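Quick note on UniProt numbering: the sequence shown kicks off at 1 and runs consecutively. Beta carbons are placed, not taken as given, at the ideal position from N, Cα and C, and that holds for glycine. Values in this document were obtained by computation on a predicted structure and should not be read as measured data.
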Amino acid sequence: MTTTINTKADYAAFLLRVTSGLFFLAHAAMKIFVFTLPGTAAFFESLGLPGFLAYLVILLEVVGGIALVIGFYGDLLAIPLAIDLVGAIVTVHGKNGFFFTNPKGGWEYLVMWIVALIAVYLLGNGAFALKRKSLNNAA
Numbered sequence: 001m002t003t004t005i006n007t008k009a010d011y012a013a014f015l016l017r018v019t020s021g022l023f024f025l026a027h028a029a030m031k032i033f034v035f036t037l038p039g040t041a042a043f044f045e046s047l048g049l050p051g052f053l054a055y056l057v058i059l060l061e062v063v064g065g066i067a068l069v070i071g072f073y074g075d076l077l078a079i080p081l082a083i084d085l086v087g088a089i090v091t092v093h094g095k096n097g098f099f100f101t102n103p104k105g106g107w108e109y110l111v112m113w114i115v116a117l118i119a120v121y122l123l124g125n126g127a128f129a130l131k132r133k134s135l136n137n138a139a
């Protein structure tokens, strides 16, 4: 049995990974239970996007959120999740200005979240992960 000694970076990765995962699960739940699946698809269509893309985004957010929380390839899913957020900036929040407190929410929060996801990708899954090493950080 191998004993793992966690560093401060491992604990930092854990905090970023789990927090980001929980936030994605909350955002997916909002799309599913508040806006509803058809409502979210209709919103995507109102942006000029195909409605089925809403279902793919929700699937990514649920699977990616769970992967981040449990630390099972979460570091690899961090990049597609960051791209999801870039899409939210380009299609919705970018035109609303920088500050997230602006009407309809600006892009500041999303950029911070993207940076956190890139940090998870670079650091790896960190402490308390089901799969400590993945393709990204195999030693």
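By the DSSP assignment, the alpha helix (DSSP H) with residue i in it spans what residues?
i: residue 113; result: 108-123
i: residue 27; result: 8-29
i: residue 63; result: 52-70
i: residue 40; result: 37-46
Tell me whether residue i is buried or exposed, calling it buried when 16 or more other Cβ atoms sit within 10 Å of its Cβ.
i: residue 73; result: buried
i: residue 139; result: Bear in mind that a pLDDT of 49 at residue 139, under 50, signals an unreliable position, so the number given afterwards is only what the model happens to contain. Classification of residue 139: exposed, given that the 10 Å Cβ count is below 16.
i: residue 46; result: exposed
i: residue 39; result: exposed
i: residue 14; result: buried
i: residue 21; result: buried
i: residue 101; result: exposed
i: residue 117; result: buried
i: residue 157; result: Because the chain spans 1 through 139 in this model, residue 157 falls outside it and cannot be assessed.
Which residue's Cα is closest to the Cα of residue i: the options?
i: residue 7; options: 126, 130, 133; result: 126
i: residue 122; options: 21, 47, 49, 76; result: 76
i: residue 82; options: 61, 71, 15; result: 61
i: residue 115; options: 98, 69, 86, 58; result: 86
i: residue 17; options: 79, 99, 89; result: 79
i: residue 84; options: 104, 100, 57, 132; result: 57
i: residue 9; options: 32, 59, 124, 89; result: 124
i: residue 44; options: 59, 88, 99, 113; result: 88
Three or more C-beta pairs under 8 Å: does that hold for the region 80-93 against the region 105-120? yes
Determine contact between the region 17-30 and the region 55-68, defined as no fewer than three beta-carbon pairs at a distance below 8 Å. yes
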